[in-house]
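Each number in my numbering corresponds to the 1-based position in the sequence shown with 21 added.
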Amino acid sequence: MPLPAYIYRVLRDDENTAEGLKARNPEANITPSSHIAGKRVSQYISTTANLEAATRFLGLAKDRSKKKRIIQKTSRIVKINVKRLKNVKIIDLSDPAVLDEHIPKDPKRPKYNSMFRNWATRYEEVLIEGPIPPECIETIEDEVASDNYDPSDYSENEDSVSSLSDDMSALSVKK
Numbered sequence: 022m023p024l025p026a027y028i029y030r031v032l033r034d035d036e037n038t039a040e041g042l043k044a045r046n047p048e049a050n051i052t053p054s055s056h057i058a059g060k061r062v063s064q065y066i067s068t069t070a071n072l073e074a075a076t077r078f079l080g081l082a083k084d085r086s087k088k089k090r091i092i093q094k095t096s097r098i099v100k101i102n103v104k105r106l107k108n109v110k111i112i113d114l115s116d117p118a119v120l121d122e123h124i125p126k127d128p129k130r131p132k133y134n135s136m137f138r139n140w141a142t143r144y145e146e147v148l149i150e151g152p153i154p155p156e157c158i159e160t161i162e163d164e165v166a167s168d169n170y171d172p173s174d175y176s177e178n179e180d181s182v183s184s185l186s187d188d189m190s191a192l193s194v195k196k
C-alpha cells in the first residue's frame, strides 16, 4: 500500500514548525507497539495518513486536556510533504502488512495487543523516526472542530493503559 503524498500531525504547544519537528527523545530505542501504547518519550513522531483522522485525534486531545485540566493553547494540524522528507525512517502502520510486522498479533496478550492495533488502524498511524525539517511542514488548520471523534476511542481503556506503564518497560526496548 503506497504512502500518501502528505501525512498529518496534531501539534503540541511546545512544537514550533519554524524549527521543524523532532521526537521527544530521538535517542530512545522503544518499539512501535510501546509508542502506540502511550510511551511518550520515544524516538517516533506520530502522524496520520488521513486528515479526517487528525481532526478526530485533535478532538480527542482537547477532550482529554479538559478532563485532566491541562491547558492546550494551540490547536493546529500540519500537513507534511512525505516526498521532501530525507534521512527518516517511515513506519506506515496504516498498511496492514507493516502493522503485522511491527505490532504482530500476540495470543499471550490479546486484549492489549488488539487495543494497540485498533488505535494504530483507527488513526491510520504513520510513525516518523528522524527530524522533520520546516520546509516539509505546512500549517493547514489553526482551529478545527473538536466534536468529530468517538470519546470511547481511548477513554474506555485509559486506566488499562496507565496501569501498563510498569509492564511496558519489559517491552519498550527494540530487539
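Using N, Cα and C, we set each Cβ at its ideal position, and we do this for glycine too.
Please read all numbers here as calculations on a predicted model, not as lab measurements.
R105 versus R30: straight-line alpha-carbon distance, rounded: Approximately 16 Å between the Cα atoms of the pair.
Beta carbon proximity, A44 to chain D, threshold 8 Å: Here there is only one protein chain, and chain D is not present.
Identity of the residues DSSP links to Y27 by a beta bridge: In DSSP, Y27 forms a bridge with N102.
Any 3 or more C-beta pairs closer than 8 Å across the stretch 60–74 and the stretch 139–154: In this structure the stretch 60–74 touches the stretch 139–154; the number of beta carbon pairs closer than 8 Å is three or more.
For N134, the nearest candidate out of T160, I98, K107 and G59 (CA to CA): The option with the nearest alpha carbon to N134 is G59.
Own chain residues within Cβ distance below 7 Å of H56, not counting five before or after: In the same chain as H56, and ignoring 5 residues on each side of it, the C-beta atoms closer than 7 Å to its own belong to S63, Y65 and L148, in chain order.
Backbone CA spacing between D159 and E145 [nearest angstrom]: For the sequence presented, residue 159 should be read as Glu rather than Asp. Approximately 20 Å, taken between the alpha carbons.
Cut-off 7 Å between Cβ atoms - residues of its own chain near C157, not counting five sequence neighbours on either side: Only residues of its own chain outside the window of five on either side were considered, and among them I101, N102, R105 and L106 have a CB closer than 7 Å to the CB of C157, listed in chain order.
Cutoff 7 Å; reference L185; Cβ partners in own chain excluding five residues on either side: Caution is warranted here: a pLDDT of 44 is assigned to L185, below 50, making its placement in the model unreliable, and no coordinate value can be reported.
As assigned by DSSP and simplified to three states, the class of T76: Note: T76 maps to helix in three-state DSSP.
Y65 - DSSP class collapsed to helix/strand/coil: The three-state secondary structure of Y65, taken from DSSP, is strand.
Three-state class that DSSP yields for K107 in the structure shown: Look at K107 here: in three-state DSSP terms it is coil, with no helix or strand label.
Backbone CA spacing between N37 and I111 [nearest angstrom]: N37 and I111: Cα-Cα distance of roughly 21 Å.
Three-way DSSP call (helix, strand, coil) for D121 in this model: Residue state, collapsed to three classes: helix.
T142 (DSSP reduced to helix, strand or coil): Judged by DSSP in its simplified three-state form, T142 adopts helix.
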